[in-house]
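Working notes, beginning with the structure itself.
Chains as they are written, first to last, in the working numbering: chain Y, 996 to 1107; chain G, 4 to 119.
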């Protein structure tokens, strides 16, 4: 059974701080996605990384796919209260890329 | 742009009753999914559908039934609700093609179901 482990599970920081969230697996994925979910809503896709070593930036968010395509990280610079939410990573296999493997998520609270 | 809508948003039902959660999408996406989200378990796939009249089991299909007679609708039925089916249910859809950037899954806002 493929698993995606996210760490930390919970993170509470002050506005302006930097943070990194990790998503690790022993399995190789053809692509990996990061979603953000706000309370009372469904997850929304932030980014998809496909190539080993790939780095993508979305404003203050930097996403990296591991060279071996088994892990990924999300780094937020100068966090803002609007970044508060549940961050989920999800991996896809080449064989069936519709049945994503989901991490349990990292719940981030950014305090003003 | 209505996107993907779920109904009801909130439902309380009794053990043993049949409950149907509705899902409608306006994008003509070929793929549709039902997930449940629970503390400690994250998002778990119940059923998914690649096209009208094509459905397949996900990770936790027991106790659930789906149908997809039309591309835009994907209802989820709990035939005889149990307390363990108390959860938040998310319907989602995805376009048919996967490019080099992978496939995006678009989620509805969720249906909160409590079985008492």
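Glycine is no exception: its CB is placed at the ideal position from the N, C-alpha and C atoms.
Predicted model only: the values in this text are computed from it and were never measured.
The beta strand (DSSP E) enclosing residue i, as first and last residue numbers
i, result
"residue 1001 (chain Y)", "1000-1002"
"residue 1106 (chain Y)", "1101-1106"
"residue 1060 (chain Y)", "1056-1060"
"residue 118 (chain G)", "114-118"
"residue 1046 (chain Y)", "Here residue 1046 (chain Y) belongs to no beta strand (DSSP E), and DSSP marks it neither H nor E."
"residue 53 (chain G)", "45-54"
Which listed residue (the options) has its alpha carbon closest to that of residue i
i, options, result
"residue 1079 (chain Y)", "Y:1098, Y:1055, Y:1032", "Y:1032"
"residue 81 (chain G)", "G:7, G:8, G:22", "G:22"
"residue 92 (chain G)", "G:63, G:98, G:53", "G:63"
"residue 1056 (chain Y)", "Y:1086, Y:1099, Y:1042, Y:1093", "Y:1042"
"residue 1107 (chain Y)", "Y:1024, Y:1008, Y:1049", "Y:1008"
"residue 89 (chain G)", "G:39, G:77, G:6", "G:39"
DSSP state of residue i mapped onto helix, strand, coil
i, result
"residue 83 (chain G)", "coil"
"residue 1077 (chain Y)", "helix"
"residue 1009 (chain Y)", "strand"
"residue 21 (chain G)", "coil"
"residue 88 (chain G)", "helix"
"residue 107 (chain G)", "coil"
"residue 1064 (chain Y)", "coil"
"residue 39 (chain G)", "strand"
"residue 1028 (chain Y)", "strand"
Alpha carbon of residue i to alpha carbon of residue j, nearest angstrom
i, j, result
"residue 1044 (chain Y)", "residue 1095 (chain Y)", "14 Å"
"residue 94 (chain G)", "residue 1037 (chain Y)", "9 Å"
"residue 1062 (chain Y)", "residue 1069 (chain Y)", "15 Å"
"residue 84 (chain G)", "residue 1046 (chain Y)", "43 Å"
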